[in-house]
Amino acid sequence: MSSRFSIVALAVAAALPTVASAVDFSYSGFSTAAYSQSDTNLADVGYTSQPDSIDKGGSFETDSKLGVQLTAKFNDIISATVQGVAYTDLTGDFEPHLDWAYVRAQATQSLSFRGGYLRAPTFMYSDSVFVGYANTWVRPPLEVYNLSPVYQLLGVDATYRAQLGAFTVTVNPYFGESEVDVSTLKLDVPEWKGLATTVNVGSFQARVGYGVIDLETDSNSVAALTDPLFAVPAALCGSCASEAQKLLIGGARIANLNVGVQYDDGTNLIASEYAKSDADGGEYFMPDRYSAYVTYGRRFGNLMPYATLAGTRRETPLSTNAISIPALSAAVNGVIASQGATDQDSYSLGVRYELPSFSVVKGALVKFQYDHIDADGRGNLNNVQPGFDGKIDMVSASLDFIF
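According to mature numbering (1 follows the signal peptide of the UniProt record, and there is no 0), the stretch in the sequence shown is residues -22 to -1, 1 to 381, in order.
Structure representation (structure tokens):
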């Protein structure tokens, strides 16, 4: 990670009061113990590029997490929050990560600023996606939540809340950088900027978010293709250079749009999100896609059955005829056919039950969920093997609690 925010860090450190006796500390924690198993070893269910995710052998690690959060309030203006979470990352290792580490300045009753490690508000539930107790499902619908390759931001944001009659409007701009390690390479995000706006009225919430991510990487696994494509004179192949750019993740720019709504009156819960990802460069590896889901749940005391319908559609073609040199065209089409997500639908039925709180446990939930996945080709899956018919049935159980 670069040091462009070192000035911010120094300013934050200088702003912190030095009188330790005045500091008010508070802590909280959350945990999910989950097990999931599908009916096939020919494809895995999990986050994009995550190795050893859910298959016929079952997995305790894919959805299990343990997190602790500590907040220090120095006065009515300055506070600091640190959150560590142990989970299975995109390298396949279950290990602790620094998820949040920021300083907040409450400038006015309506306006606050944060600087440090933040969670970018890419989706409606980005802030709580690790906290299983706060979510309806065992895991969020991956058709939507797999659209962004990164989620953690090193930077700054602002939150402004205004009361307009019966409406509460929250505006959240953010700016920073990021990086993420996946199983085969490291992605650097030298610039990430966006804006999320949320409107609440009564039991209803609506939000719109838009963010732009610039990607860089030192790895080029298809240099044997891109180098010859860039070398072909434009007079012989006018599209070769632009087709090569679609194979390069380094230098790509991804724009993410998200629209979400939620209605929760204490008995009925309806939640839905629409998300669209458009890539400028690298789209043969990170194709343009749009995704959506809708969830309905109804509470009967401590019991809530729920159902979810989700889907994703690929807009980037699965082949190209823009390369006039047959050998290069065949090689590029081979890469396109083996990379990036394709269309997928999933149908989920679940039930969650609120357990009584006890001792230091403030709340606990038991969830059971069944998913049926229909994928066209690779779908939104990992480690897809020859012979996969595109259909997966999966069961999951989890225990979520907060303390």
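Glycine included, every Cβ here is placed at the ideal spot set by N, Cα and C.
Residues in the same chain with beta-carbon distance under 8 angstroms from ASN299, minus the five sequence neighbours each way, listed in chain order, please.
Your numbering for residue 299 matches position 321 in the sequence shown. Same-chain partners within the cutoff: SER307.
Can you round the beta-carbon distance between ASP266 and ALA253 to whole angstroms, since I take them to be within the 8 angstroms contact cut?
Residue 266 sits at position 288 when you count from the first residue of the sequence shown. Residue 253 sits at position 275 when you count from the first residue of the sequence shown. Contact flag wrong, Cβ pair sits at about 12 angstroms.
Among residues of its own chain, excluding the 5 on either side of SER250, which ones have a beta-carbon nearer than 6 angstroms to its beta-carbon?
Translated into positions along the sequence shown, residue 250 becomes position 272. Same-chain partners within the cutoff: VAL239 and VAL272.
How many whole angstroms separate the CB atoms of THR66 and THR59, which I take to be in contact at a CB cut-off of 8 angstroms?
Taking the first residue of the sequence shown as position 1, residue 66 is located at position 88. Taking the first residue of the sequence shown as position 1, residue 59 is located at position 81. Actually they are not in contact, since the Cβ atoms of THR66 and THR59 sit about 24 angstroms apart, beyond 8 angstroms.
Can the beta-carbon of LEU377 be found less than 8 angstroms from the beta-carbon of VAL23?
Translated into positions along the sequence shown, residue 377 becomes position 399. Translated into positions along the sequence shown, residue 23 becomes position 45. Their beta carbons are not under 8 angstroms apart, which means LEU377 does not touch VAL23 by this criterion.
Mind the definition here: the segment 4 to 24 touches the segment 364 to 379 only if three or more C-beta pairs lie below 8 angstroms; say whether that holds.
Contact between the segment 4 to 24 and the segment 364 to 379 is present, because at least three Cβ pairs lie under 8 angstroms.
What separation, rounded to the nearest whole angstrom, lies between the Cα atoms of ILE55 and VAL1?
Within the sequence shown, residue 55 is the residue found at index 77, counting from 1. Within the sequence shown, residue 1 is the residue found at index 23, counting from 1. Computed Cα separation, rounded: 12 angstroms.
Which residues does DSSP pair with THR66 in a beta bridge?
On the sequence shown, position 88 is the one that residue 66 refers to. Answer is PHE72.
Give me the residue from LEU96, VAL116 and PHE38 with the minimum Cα distance to ALA79.
Here the question's residue 79 lines up with position 101 in the sequence shown. Minimum Cα distance to ALA79 is reached at LEU96.
Hey, ALA144 and SER88 are a contact pair by Cβ (cut 8 angstroms); roughly how many whole angstroms apart?
As a position in the sequence shown, residue 144 is number 166, starting the count at 1. As a position in the sequence shown, residue 88 is number 110, starting the count at 1. Going by Cβ atoms, the distance from ALA144 to SER88 rounds to 17 angstroms, so no, they are not a contact pair.
What's the gap between the Cα of ASP41 and the Cα of ARG291?
Within the sequence shown, the letter at position 63 stands for residue 41. Within the sequence shown, the letter at position 313 stands for residue 291. If you take the alpha carbons of ASP41 and ARG291, they lie about 25 angstroms apart.
Considering Cα atoms alone, identify which of LEU343, ASP352 and THR294 is closest to GLY260.
Position 282 of the sequence shown holds residue 260. With distances taken between Cα atoms, GLY260 lies closest to THR294.
Taking 8 angstroms as the limit between beta carbons, can you name the residues of its chain near ALA(-3), skipping five residues before and five after?
Here residue -3 refers to the residue found at position 20 of the sequence shown. Because ALA(-3) carries a pLDDT of 49, less than 50, the predicted location of this residue cannot be relied on, and the following value inherits that uncertainty. Excluding residues within five positions, none has a Cβ falling inside 8 angstroms.
Would you call the CB atoms of GLY189 and PHE108 closer than 8 angstroms?
On the sequence shown, position 211 is the one that residue 189 refers to. On the sequence shown, position 130 is the one that residue 108 refers to. Their beta carbons are not under 8 angstroms apart, which means GLY189 does not touch PHE108 by this criterion.
List the endpoints of the continuous alpha helix (DSSP H) containing SER197.
One-based indexing of the sequence shown puts residue 197 at position 219. Premise fails: SER197 is in no alpha helix (DSSP H) and is neither H nor E.
Would you call the CB atoms of ALA219 and LEU203 closer than 8 angstroms?
In the sequence shown, counting from the first residue as 1, residue 219 sits at position 241. In the sequence shown, counting from the first residue as 1, residue 203 sits at position 225. No, the pair does not count as a contact, with Cβ atoms beyond the cut-off.
Residues in the same chain with beta-carbon distance under 6 angstroms from GLY154, minus the five sequence neighbours each way, listed in chain order, please.
Here residue 154 refers to the residue found at position 176 of the sequence shown. So the qualifying residues of the chain are LEU131, LEU132, GLY133 and TRP170.
What's the call for THR176, buried or exposed, on a 16-neighbour Cβ count within 10 Å?
Here residue 176 corresponds to residue number 198 of the sequence shown, with the count starting at 1. Classification of THR176: buried, given that the 10 Å Cβ count is 16 or more.
For LYS345, count neighbouring Cβ atoms within 10 angstroms of its own Cβ and tell me buried if that reaches 16, exposed if not.
As a working note, residue 345 is residue 367 in the sequence shown. When all chains shown are included, LYS345 counts as buried.
Would you kindly check if the distance between the Cβ of TYR5 and the Cβ of GLN61 is under 8 angstroms?
If you number the sequence shown from 1, residue 61 lands on position 83. If you number the sequence shown from 1, residue 5 lands on position 27. Result no, Cβ atoms of GLN61 and TYR5 do not sit closer than 8 angstroms.
Quick one: residues in its chain with C-beta nearer than 6 angstroms to the C-beta of VAL(-15), no 5 flanking neighbours on either side, listed in chain order?
Working through the sequence shown from its first residue, we reach residue -15 at position 8. In this prediction, VAL(-15) scores a pLDDT of 46, lower than 50, which makes its location untrustworthy; the coordinate-derived value is nonetheless stated afterwards. Only GLY93 meet the Cβ criterion.
Nearest CA to the CA of ALA112: which residue from ASP71, GLY341, ARG82 and PHE366?
By 1-based counting over the sequence shown, the position of residue 112 is 134. Taking only the C-alpha atoms, the option nearest ALA112 is GLY341.
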